[in-house]
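Trainee:
Protein chains in written order, with my numbering: chain A, 1 to 627; chain B, 1 to 425.
1. Assuming residue 406 of chain B contacts residue 52 of chain B (C-beta within less than 8 Å), just tell me the rounded distance between them.
2. With distances taken from CA atoms, which of A:541, A:399, A:133, A:128 is nearest residue 77 of chain A?
3. Is there at least one Cβ from chain A nearer than 8 Å to residue 294 of chain B's Cβ?
4. Looking at the C-beta of residue 487 of chain A, does it have a partner C-beta in chain B at a distance below 8 Å?
5. When we look at the beta-carbon of residue 549 of chain A and count the other beta-carbons within 10 Å, is it buried (16 or more) or exposed?
6. DSSP three-state call for residue 348 of chain B: helix, strand or coil?
7. With a 10 Å radius around its C-beta and 16 neighbouring C-beta atoms as the bar for buried, classify residue 244 of chain B as buried or exposed.
8. What's the C-alpha gap between residue 154 of chain B and residue 117 of chain B?
9. Could you have a look at residue 333 of chain B and say whether DSSP puts it in helix, strand or coil?
10. Answer yes or no: does any C-beta atom of chain B fall closer than 8 Å to that of residue 3 of chain A?
11. Assuming residue 34 of chain B and residue 325 of chain B form a contact by the criterion Cβ under 8 Å, report the distance between their Cβ atoms to the nearest whole angstrom.
12. Under 7 Å from any heavy atom of the ligand MG, does the C-beta of residue 349 of chain B make it?
13. Whose C-alpha, out of A:397, A:380, A:475, is nearest the C-alpha of residue 389 of chain A?
14. Can you check whether the C-beta of residue 218 of chain A is within less than 8 Å of a C-beta belonging to chain B?
15. Please report whether the beta-carbon of residue 27 of chain A lies at a distance below 8 Å from any beta-carbon of chain B.
16. Would you say the stretch 361-372 of chain B touches the stretch 84-96 of chain B, given that touching needs at least three Cβ pairs under 8 Å?
17. Does the CB of residue 307 of chain B have a neighbour CB from chain A at under 8 Å?
18. Rounded to whole angstroms, what's the CA-CA distance from residue 79 of chain B to residue 133 of chain B? Just pull it up for me.
19. Going by Cα to Cα distance, which pick from B:163, B:213, B:186 is closest to residue 198 of chain B?
20. Do you know how far the Cα of residue 178 of chain A is from the Cα of residue 423 of chain A?
21. Please confirm if the stretch 20-31 of chain A is in contact with the stretch 380-393 of chain B, defined as three or more CB-CB distances below 8 Å between the two stretches.
22. Return helix, strand or coil for residue 612 of chain A, following the three-state DSSP convention.
23. CB residue 275 of chain A to CB residue 364 of chain A, shorter than 8 Å?
24. Taking the C-alpha atoms as reference points, what is the distance between residue 172 of chain B and residue 194 of chain B?
25. So the candidates are A:231, A:94, A:43, A:4; which of them puts its Cα closest to the Cα of residue 487 of chain A?
26. For residue 310 of chain A, count neighbouring Cβ atoms within 10 angstroms of its own Cβ and tell me buried if that reaches 16, exposed if not.
27. Tell me whether the stretch 250-262 of chain A and the stretch 563-580 of chain A touch, counting them as touching only if at least three CB pairs, one residue from each stretch, are closer than 8 Å.
28. Thinking just about the alpha-carbon of each residue, which of B:254, B:255, B:71, B:94 is nearest to the one in residue 164 of chain B?
29. At 4 residues or longer, and completely inside the stretch 98-145 of chain B: list those alpha helix (DSSP H) runs for me, N to C.
30. I want to verify the contact list: residues of chain A whose CB lies under 7 Å from the CB of residue 347 of chain B, in sequence order.
31. Can you tell me whether residue 286 of chain A is helix, strand or coil according to DSSP?
32. With distance defined between alpha-carbon atoms, name the residue in A:26, A:46, A:533 nearest to residue 369 of chain A.
33. If you drop the 5 nearest sequence neighbours on each side, which residues of the same chain put their C-beta closer than 7 Å to that of residue 634 of chain A?
34. Check whether the stretch 300-316 of chain A touches the stretch 406-416 of chain A, counting contact only when three or more Cβ pairs, one atom from each stretch, lie closer than 8 Å.
35. What are the residues in the stretch 169-186 of chain B lying within 7 Å of chain A by C-beta distance?
36. At the level of alpha carbons, what is the spacing between residue 244 of chain A and residue 454 of chain A?
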């Protein structure tokens with residue numbers, strides 16, 4: 001009997017050894033603590049919803065989707081085929097066929113890969129009928145963006161493939177998926193993309209899919225993206241883009257009553273259809289490396305220019321608000337304004353009214369530099385110190401949305417610059433600076449920088465007599481998601497509405513008797529202001545003055561304004577020559593849907609400033625070669 | 001007594017039968033889990049593996065009735081005949097066998113195939129029991145030892161030649177039976193020592209093990225010489241022989257390993273000893289099997305929820321690697337429970353064997369306990385990565401008709417013998 005214990009003892013000790021090893025494997029060292037769904041045997045595939053369409057305010061389709069077809073291959077499943085016929089179908093030669101085939105085989109024999117990308121719709125229709133003959137090949141459909149209108153490229157933006165970096169930051173995305181990269185596509189990515197569905201598939205040890213995991217109980221259904229209606233007026237946008245042909249700059253038109261952006265034009269621009277599918281990577285290199293025309297650079301949002309004379313409008317308003325002038329206060333102009341003892345301390349003026357009292361309305365209509373220099377100086381000097389004066393002035397300016405991000409719903413922007421005391425205290429650490437040091441600010445030059453959309457918003461605030469809605473591009477979504485309350489609440493400037501009428505009269509005079517009377521409209525009362533901003537560039541250490549930037553701000557009609565607009569043309573020369581006619585044409589186009597001023601229309605359509613831009617280019621090139 | 005004898009179910013051990021039923025039901029569930037797919041989920045679909053297994057389980061009940069119906073005395077009487085028949089069927093393989101996976105282990109019977117080595121086990125146990133039950137038989141005698149060895153090794157050699165060394169390895173289990181019946185302990189001791197030396201030599205190399213073994217021997221002899229004051233004068237020859245044999249063995253391990261083993265054998269040991277970490281080639285099976293068991297965790301993923309089982313990550317999962325399915329779907333709770341059930345099952349057989357009144361029944365019972373134990377030891381040990389890859393089935397669990405029938409016959413002959421013990425003699 002004793003001998004019988006040996007086997008029993010052996011059996012019991014082995015049971016302990018096994019349970020010990022199993023405990024180590026399954027309890028101590030086991031790592032699969034997550035759910036089954038994360039297991040390497042489950043493949044997660046996504047079911048992509050259709051990306052939302054984008055329409056303009058009148059229901060015109062701006063962005064749609066189009067099908068793209070890829071010919072896919074699973075090398076293992078390919079049966080001997082008539083290569084000659086197949087190559088003929090695809091319009092490729094046999095060497096190419098073999099090359100692609102080897103490549104696919106090299107990558108994986110069991111998994112599908114792209115054999116031929118981006119077949120045309122016609123090829124697809126034709127091939128589809130013949131596909132049954134070619135085992136192992138199939139056609140995969142993919143959605144691409146399509147732009148039926150070829151307008152507003154920079155506003156709409158484009159979609160791009162998600163790279164590893166984005167995929168790492170945002171768990172929603174997988175590398176290779178599409179994501180809005182610029183413009184509306186980026187801003188409203190969450191609306192447009194919808195919600196992708198997930199399918200869990202079981203795979204075997206070859207990574208081959210062998211069916212849905214657990215009959216699909218964890219799967220989710222994709223939710224289509226929302227369609228967006230933008231505030232853009234595509235007709236106006238296209239017209240503006242046509243007028244801007246051959247020029248550089250931007251146009252921003254806003255509906256003052258709502259803050260809706262009617263058009264947002266930047267020139268040079270690009271054809272959005274070139275940033276799609278197979279062509280995108282090639283074209284984006286071309287577009288982004290074009291450092292001369294910068295077609296991807298949205299000047300209406302990003303370019304910071306000195307605003308020039310239109311800034312005098314707000315200067316006057318601040319003067320009235322600060323009660324250092326009244327509409328009847330007058331200053332004299334001596335072809336300029338001498339603000340210091342030295343001869344150099346003199347600001348020239350082209351108003352042409354020599355040594356006569358100039359009142360606010362006339363000063364504005366004639367764009368008198370002396371008048372607004374006086375106003376500016378009086379504002380600053382109203383306070384005990386220049387710092388306090390400067391800050392008070394700066395606060396008024398900022399209430400128009402200048403010098404800060406406006407908060408519009410597009411992903412790009414610039415703050416611009418409205419100087420305050422802190423800035424000058426940095427420049428003059430002893431604090432001994434005075435209003436006259438910064439006198440250029442009076443006429444919208446000096447340190448002041450604004451983007452076209454900021455100026456447009458400023459104009460809208462004037463049109464509204466002191467209040468504005470933050471400009472925005474989204475009008476509504478297909479599921480009536482409420483627009484962000486930021487865009488539906490009225491914001492007030494620090495200027496009392498009672499001070500606006502004299503200023504608006506002055507702006508009206510610009511079209512009646514002033515610098516833009518040549519482009520006035522018979523039936524529409526436009527209020528505007530020309531601007532000409534000098535611009536210098538330092539080339540080879542020498543300050544060279546180029547042709548002035550041409551600026552025009554306007555709103556119309558004078559009572560109950562429907563459109564506030566800013567036109568900014570780089571090196572366009574005197575403001576009334578290019579910017580004013582374009583403004584006038586745009587306003588007429590928007591309000592009446594037609595244009596009567598055919599002379600100016602033709603002239604604007606055919607004005608080309610390339611020569612001027614070439615001149616700069618040659619100068620800058622000579623700079624770079626010398627260095 | 002007469003009435004009892006007429007009822008074939010009288011006297012059978014209920015514990016063993018219940019354990020048996022549990023094992024085949026749980027076994028079938030795991031075969032179902034390892035081989036079902038979304039397209040095939042009918043339980044009685046005979047084109048699928050679990051469907052066939054279901055059929056074999058059904059037929060094994062017929063076998064059980066048949067075994068219980070036969071008079072227990074007939075097993076002893078025809079033991080030699082069964083053994084010889086079994087040897088003939090094994091030998092016949094070389095002429096008529098079907099080659100599957102490189103081994104001629106099957107007879108092709110058209111719809112299915114039959115593996116005679118599964119049936120040779122119970123024949124060998126019967127023959128061994130018959131031999132040892134002779135009252136004149138004394139295992140202390142070398143002549144008798146050799147008789148027993150011949151009975152054990154004849155089928156083992158035939159099976160090794162198929163070649164199916166894994167199945168042949170099980171026959172070493174019978175040494176435990178012989179030991180129980182009086183074989184001197186040094187057979188097992190030397191065997192265990194040889195296995196230990198073999199593994200250590202492979203793990204640590206020829207030189208180190210040879211030196212340390214000699215060192216240990218020398219210390220042992222010096223201890224006896226000086227502290228026990230025992231004169232070793234007349235044993236010098238024996239001592240030298242031990243040294244020589246030991247050296248020769250260690251040397252031959254090295255030689256056999258490097259020159260007689262095929263690369264695939266070497267690979268199996270290398271993986272186990274951690275010398276080869278190739279998890280894609282030769283180490284794939286073991287690695288996948290261990291990963292699959294690991295992924296089950298403490299409580300498992302649930303019946304039919306094993307995604308690694310579904311994905312066929314473990315090759316041959318429904319046969320030799322069925323334990324990994326249990327590991328994945330039932331977790332540590334399931335695997336440890338099964339180990340305990342197997343242990344109880346084997347211990348119960350030993351317990352009953354010790355109670356037998358005839359030597360024949362006792363040796364038979366002891367013999368099948370050792371066979372069941374070795375199968376489950378080697379199989380689970382391999383699947384959880386403790387032993388090298390040796391392909392033998394897990395009793396009642398692995399897919400396969402011959403195996404299931406072989407084990408069922410093995411067990412139920414014993415149950416019949418046990419049930420009849422009260423009226424035999």
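Heads up, the beta-carbon is just placed ideally off N, CA and C, and yes, glycines get one too.
Mentor: In this structure, then:
1. Rounded, the Cβ-Cβ distance is 16 Å, inconsistent with contact.
2. Comparing Cα-Cα distances from residue 77 of chain A to each of A:541, A:399, A:133, A:128, the minimum goes to A:133.
3. So, interface residue.
4. Judged by the 8 Å Cβ criterion, residue 487 of chain A is not in contact with chain B.
5. In the assembly as shown, residue 549 of chain A is a buried residue. Its beta-carbon has 16 or more other beta-carbons within 10 Å.
6. Annotated three-state conformation of residue 348 of chain B is helix, per DSSP.
7. Residue 244 of chain B comes out exposed.
8. Straight through space, the alpha carbons of residue 117 of chain B and residue 154 of chain B are spaced by roughly 12 Å.
9. DSSP, read as helix, strand or coil, puts residue 333 of chain B in helix.
10. Output row for residue 3 of chain A: interface = yes.
11. Indeed, because the Cβ distance is near 5 Å, the residues count as touching under 8 Å.
12. Absence of the ligand MG from the depicted structure is noted, as is the absence of any ligand whatsoever, leaving it without description.
13. Nearest in C-alpha terms to residue 389 of chain A, of all of A:397, A:380, A:475, is A:380.
14. Not an interface residue.
15. Yes, its Cβ sits closer than 8 Å to a Cβ of chain B.
16. Short answer: they don't touch.
17. Chain A contact via Cβ: present.
18. Distance between the alpha carbons of residue 79 of chain B and residue 133 of chain B is about 12 Å.
19. For residue 198 of chain B, the nearest C-alpha among the options comes from B:213.
20. In a straight line, the C-alpha of residue 423 of chain A is about 43 Å away from that of residue 178 of chain A.
21. Between the stretch 20-31 of chain A and the stretch 380-393 of chain B there are three or more inter-stretch CB-CB distances shorter than 8 Å, so the stretches are counted as touching.
22. In the three-state scheme derived from DSSP, where H, G and I count as helix and E and B as strand, residue 612 of chain A is classed as helix.
23. Against a cut-off of 8 Å, the Cβ pair of residue 364 of chain A and residue 275 of chain A comes out as no contact.
24. Annotation: residue 172 of chain B to residue 194 of chain B spans about 14 Å, alpha carbon to alpha carbon.
25. Taking residue 487 of chain A as reference, the option from A:231, A:94, A:43, A:4 with the minimal CA-CA separation is A:231.
26. Under this definition residue 310 of chain A is a buried residue.
27. Yes, since at least three Cβ pairs between the stretch 250-262 of chain A and the stretch 563-580 of chain A fall closer than 8 Å, the two stretches touch.
28. For the residues B:254, B:255, B:71, B:94, the minimum Cα distance to residue 164 of chain B belongs to B:94.
29. Within the stretch 98-145 of chain B, the complete alpha helix (DSSP H) runs of at least 4 residues are 116-132.
30. Near residue 347 of chain B (Cβ distances below 7 Å), the residues of chain A are 8, 11.
31. In this structure, residue 286 of chain A counts as helix in the three-state DSSP scheme.
32. The candidate whose alpha carbon is nearest that of residue 369 of chain A is A:533.
33. Residue numbering for chain A in the displayed model covers 1 to 627; residue 634 of chain A lies beyond these limits and cannot be assessed.
34. Short answer: they touch.
35. Per Cβ criterion, the list reads 176, 179, 180.
36. Straight-line Cα distance between these residues: approximately 20 Å.
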